[in-house]
Each structure stands twice: as C-alpha cells, then as structure tokens.
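Heads up, the thing below is written out as structure tokens.
Protein chains in written order, with our numbering: chain Y, 147 to 514; chain V, 147 to 514.
In structure tokens, the structure reads:
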C-alpha cells in the first residue's frame, strides 16, 4: 500500500461522488441535479417560489440524473429541496446546508449587490463557542462570541452588540442563517461600522446549548413570570459580567447594544424595559406589542427607558410580517411616550432575508 | 396578533414536525422511523452493519410512517441512512448530523463505557474558529482552537496538541466526527489528562477554510515537492508562531505534541522529520511508510529525530486498516533506527471509531 493511495483514497471517493454538480449557478439560470435512477417523478421546490405548489418538474437523463434549469432568482440566500415521488430530500451534492432549529435545508446563495456582505470579507473576525456559568438559570450554558478582525493583535477596548435569536432557534442561528460574522466583517472592513464584539447567547432557558450538543433539557412553566424572566435576568446578571470580565470591552451603556428577532425581539423589549439605562442601543426586530397587552404598564416602562436615556431606538419589521400590527402598536406606544425612534419598514415578512437586511442596515448606526 | 403566538409560532411548527421520533434508543433496541406515505420499499442501513447488503426492511403503518427496531449495537458513534425506493436519505427527525468532507450523515450515538467521554463533560472548554495569516501558503486561513476549561479565568500557561485531519477532511473534522473537545474535556475533568490547548488546522493548502465557507480554492501540483511541503512548513512558520503569540502557551518542544490521522499522519511524520526537535510528542495515526519509499532517506531523518530528542513516539493503527503493512514498516523502521516508541494496535480499520479511541488513549500520556 503506497503512501499516495493512503493519502488520496478518501479524496478520490469524494471526487467520484461529486460528479453531479448541484446547484450550478450560471449567468441567467441555476441548474439543480440529483441522481435518482429509480424515481418516477422528481420536482424542485425553492424558497424563492411563490408556494410549494409552484415546484417544478425535473427531467431524467439516461444515467438516472434528474435536472432542471430555472431562471436565476434575485440575489439572496434561499433554501430548496427535491421532492422525489412525494418525499422531500436535501441536495446530496451541495455542501452548503443550514440548520433551522431541528431541520436541515440545502442552501442557494445567489451573488449580487444585496448579498455582497453575506460572503467572506478579506479581514475576518473570529467566532468562539463559549461555555459560561449562569447562576440565574442554574446551568452551564453556551454562547457564541464574535471578535472583530484585529482583536487579538490590538490592545483597544470594544463596544458589544448582544444579538438574540427567535423561537425555534439557538446560539448558532445568527452566525449561520443570519450570516452575522460575514455582515460585520464586511461592514467593518469597508469602514461603515465600528469594530465591535457580537455576543449571541442561547435564548431558551430550558437548554444548556443547541440540541446538536445532545445535552439534557429541562421543562419550564412558561406561565410563571419568574421563569419567563429568567433569561432576561441572566443576560444582565450572568452574560454581560462574563463578557466584560473575559473580553476587552468598554463596559458602559453607551457601548452596549441589544437586538433580537421575533422571540428575541421580545427579549430585547423586556431586557431594556426591565433594566433601563443598561443598553443605549435598542433594536427589536419583527416584534411588537399585542393590542391586548396592558398599555399602561408599557407606558410606565417606556417612561423609565426615556428617563434613563438612550442613543438609538430602532424597530425593524416587514410590512407583510404577521407581527405587523403589533409592531405598529409598539411604534405608536413609543411615539405616545415621547421616545424618539426609527420605524424601519421593509417589504416581506418574518424571514431571515429581512433579519440579515436589518443587521446590515443598523450595524453602521451603532456606537457612533 | 398576540405576543404569545409570535413567540411560539415557530416552536409549534417544530413540535408538529417532531411527532416522528427517530432514532429512539431503548434498553436493548434502537427504533428508526420516517414518514414516507408514497414509498414502496424503505430500508435502513447503519454503519454497524456488516455491509450495505445487510440493510433491513422497514414496515409501514397506516399513517405512512415506516419503522424498524434493531438490536442495540455496542456503544459507539455510528452513521445511518434510509434507502427509500433505492434513494439514500438522511433521517429528517434526527438533529444530530455530521459532515464528512462533502457528505452529511445522520448520527447514532449509543451510550456505554466506550462512548462515555464522547458526551459533554460538566467542565467544558471553549472552541474558537480562528482566522490567521499564512504567508507560507499565501492565504488567510482558518483553524479551530480548543482552550481547556478554566483557561479564561487562569493565568497559567498551557501545552499544545496540534491535531491534524485526514484526506477529504478539514479544520472541522476533529471537533465534530472526532469529538475532540468532549474527549479532552472529560479526560481533563477526570484528572487523566493535563489541561492543554488543542489546535486543529486545515491541512488542504488549496483551501482557506472548509468548503462550507464558500471561499475560492486554488489548484496545486501535488507532484511538486515544494507544494507538497507547503502545509508542513506553514505549521512551523505560521501556525505555531500565531498560537504562541495569541494564547497563553508554554512555547517549547516539551510542551508541543503533534498527531494526525491518515493524510494527517503523513503530515505528522513529515513535520517531525523535517523539523526535528520541534515536537517532543509525535503520534501518527493510521499511517505508515510505503514499502517502496526510500528507506535510507527515512533512516537519516529518524536519526535526526533521535538526536534532537523526544518524549513519546506513539503509532496508532487498526489491524484491518488498509495501511496496516505501511504502519508495520514504520514500526520496523523506528526499531531499526533505535527510536523507542509505542506501536498501539487495535481491531478495526481506517475509521473515526479508531481515531477517537486513539485520542482518548494517548491524550493522558502527553506533557507528563
């Protein structure tokens, strides 16, 4: 057995598997292919299509490879799958896969102006998977911490963005589906955003970490307000102190921002309302206030936020998001209480396409 | 739209999808299930089976869910897939998935003595995805760096294990398929291994990082010895200096170990032969010396390694590995040259099952 065979055996195996190239992004089309010699009907569904019923038929060649070319959709990150005789499967020839909660999906990243900051920058920050003790929740827990390019070789102190995920997500979501590292890298490299640390905790107090770590989970009575506030409290009592002890951080409100999407937008509202004066930058995304909520209670809390002072209050939401009415209620409540703020409205709904745009839009506004 | 619906909408969607539980590990059996109402024949193949032809038929219930219970295999990490009317698919209800090069596979982790150190320890080290400049290769590249539990809160300096992947792998392989963080966490927590930093670089000089980062790759003429040695040189000239500048490290040979599997075992041999006296712990895994190689050349290099001095030379290999003969040639060559060493032989072949065992076995021997 020669060294050459030993070394390259697995690479040759990978090469043989890779004969089907999918997806293949061309000038005006994208071609998807999958080998399924025994299939009767293979269809393609992509998240750029209007609905699941918009899926398109694929055609089989003599080798059993099914293919279809579709018009290249606008620059964006999409997910897609094949439907083989009624069964949804991912693309076995596409190494770009993302996990959304418990579900894995094949990814199509179409290049263009809108997605320029979603690709790797030249100057890249590091991403650390950090275990920290949370006495408030009673668990050793995991968060992801992004440090900007140059952090290791500098002695400077940095501001911190706390970036929170939504329901069904975990500490992994913003750095994968959200492309947070790439967006911050690109904005910082272009001089559009100031170098900052970005902390991405796990917002499910039942978990120590993402389900992929196979750790036991606890149950929690969500109707118990103490339980519901546990995570909010842990941000202020456990996470911020850990970050300010272990990273070179400017440890004051004017150098702390908090943003989150959906459930994490609710966490953003709660943590800033319960701890006014802790964060000078407050950015709830795709979240609002229920019309049936106690408005007087919100009024009192927003008055406290106003008294404590802040630099930026920025709401991002899509006009077809199912939280649209709630977001308008939040906007009106801030206005009624005299809190200067930005109500940033895009097209579209409750999607990562929008949350990436919001991060890319608001990061340049922070810490200036 | 109420806050509650906003917050829990995605979680409810996940709950509905999760009605099929697979795999379900029982006392003596493991049950696998998948919903495929339109399928004609569904089979299960697991890596614990003798061969692909050992796959077993699954049975369909009235709701279209196919299931099979198999005798629980011995404690180990396995991969498996379903074969639905001839098509291989992963388990959509199993969130534990691993990537082997370009291929994703569903994972079954059977608890037991052998796998005890593959689960999360109580005291967990962090894992950082680090970008560093490699002037030797001419790229900004990514490596993973594990720091042991307590690193952040201590002022002590640590020894470093450089842990190299095989052909088809990348910087992600040891921390995912290899369970390197869990193994080191558990050994350190139990007092069996000394706290150490573990550096996992990318051994493909054509790449800046794993293919999942979507970065351009270069081509390389592997027959050009200068190109072939580029990665070896970058370990000594770029990676070690970066690590010793940016981490609290004991920067001498007695506190440097290098180990690697397959292609990474070749890298281990090359970097220790080309730079004798740099590493005091030398641990090639599932690798050896071709019978057709220039033995006189190896003799000269091993004499230089012996002269420079080392603390441990440790070869791990499986007796049914296709490199078995080469490993025996390496063993004989070390003996002929008077290099004291351990030839650690297990059952089995060129598999992660063995590489995890080797790490779990040799880590307690390092830096003592």
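The C-beta atom is built at its ideal place from N, Cα and C for all residues, glycine as well.
When you compare the CB positions of residue 382 (chain Y) and residue 345 (chain Y), do they come within less than 8 Å of one another, or not? no
According to DSSP, is residue 379 (chain Y) part of a helix, a strand, or is it coil? helix
Would you mind working out which of V:166, V:489, V:476 sits nearest residue 238 (chain V), comparing C-alpha positions? V:166
Which class does residue 510 (chain Y) belong to by DSSP, given the choice of helix, strand or coil? helix
C-alpha gap between residue 439 (chain V) and residue 226 (chain Y), whole angstroms: 48 Å
Decide yes or no for the touch test of the region 354-367 of chain Y against the region 290-305 of chain Y: beta carbon pairs closer than 8 Å, at least 3 of them. no
Would you mind listing the beta strand (DSSP E) stretches within the region 431-504 of chain Y that are 3+ residues and don't spill past its ends, in chain order? 458-464, 488-492
Tell me, please, whether the CB atom of residue 275 (chain V) is closer than 8 Å to any CB atom in chain Y? yes
For a test of the three-state rule: what should DSSP assign to residue 216 (chain Y), helix, strand or coil? strand
Report the residue from V:213, V:235, V:405 whose alpha carbon sits nearest the alpha carbon of residue 175 (chain V). V:213
Counting Cβ pairs, one atom from each stretch, are 3 or more of them under 8 Å apart for the region 260-277 of chain V and the region 309-327 of chain V? yes
Enclosing alpha helix (DSSP H) for residue 242 (chain V) [first to last residue]: Where residue 242 (chain V) is concerned, there is no enclosing alpha helix (DSSP H), given that its DSSP letter is neither H nor E.
Where residue 280 (chain V) falls: helix, strand or coil (DSSP): strand
With residue 264 (chain V) as the anchor, note down where its alpha helix (DSSP H) starts and where it stops. No alpha helix (DSSP H) holds residue 264 (chain V); DSSP gives it neither H nor E.
What does the alpha-carbon distance come out to for the pair residue 575 (chain Y) and residue 242 (chain Y)? Nothing can be reported for residue 575 (chain Y): it is not among the residues displayed for chain Y, which extend from 147 to 514.
Buried versus exposed call for residue 338 (chain V) [16 or more other C-beta atoms within 10 Å across all chains shown]: exposed
Using a C-beta cutoff of 8 Å, does residue 266 (chain Y) count as contacting chain V? yes
Please state the DSSP three-state secondary structure of residue 419 (chain Y). helix
Put residue 192 (chain V) into one of helix, strand or coil per three-state DSSP. strand
So, is residue 254 (chain V) buried or exposed, given that buried needs 16 or more other C-beta atoms within 10 angstroms? buried
DSSP on residue 200 (chain Y), reduced to helix/strand/coil? helix
Cα separation between residue 456 (chain Y) and residue 361 (chain V)? 40 Å
Is the shortest distance between the beta-carbon of residue 255 (chain V) and the beta-carbons of chain Y less than 8 Å? yes
Where do the ends of the alpha helix (DSSP H) carrying residue 392 (chain V) lie? 386-392
Does the Cβ of residue 205 (chain Y) have 16 or more other Cβ atoms within 10 Å, making it buried, or fewer, making it exposed? exposed
Can you tell me the Cβ-Cβ gap for residue 417 (chain Y) and residue 404 (chain Y), rounded? I've got them flagged as a contact below 8 Å. 6 Å
Runs of beta strand (DSSP E) wholly within the region 284-361 of chain V (minimum 3 residues, chain order): 285-293, 306-310, 343-346
Does DSSP put residue 364 (chain Y) in a helix, a strand or coil? coil
Give me the chain Y residues within the contact set of residue 229 (chain V), using Cβ-Cβ distance strictly less than 8 Å, ordered along the chain. Going along chain Y, no residue has its Cβ under 8 Å from residue 229 (chain V), so there is no contact; the nearest lies around 10 Å.
Chain Y within 8 Å of residue 204 (chain V), Cβ atoms only: no
Thinking C-alpha only, which one of V:473, V:311, V:196 is nearest residue 462 (chain V)? V:473
Could you tell me if residue 182 (chain V) is buried or exposed, where buried requires 16 or more neighbouring beta carbons within 10 angstroms of its beta carbon? buried
Residue 241 (chain Y): contacting residues in chain V (beta-carbon distance under 7 Å): 248, 357, 358
Minimum Cβ-Cβ distance from residue 510 (chain V) to chain Y less than 8 Å: no
Euclidean distance between Cα positions of residue 220 (chain V) and residue 494 (chain V): 14 Å
Spatial neighbours of residue 464 (chain V) within its chain, please: C-beta separation below 8 Å, excluding the five flanking residues on both sides. 432, 470, 491, 492, 493, 494, 495, 496, 497, 500
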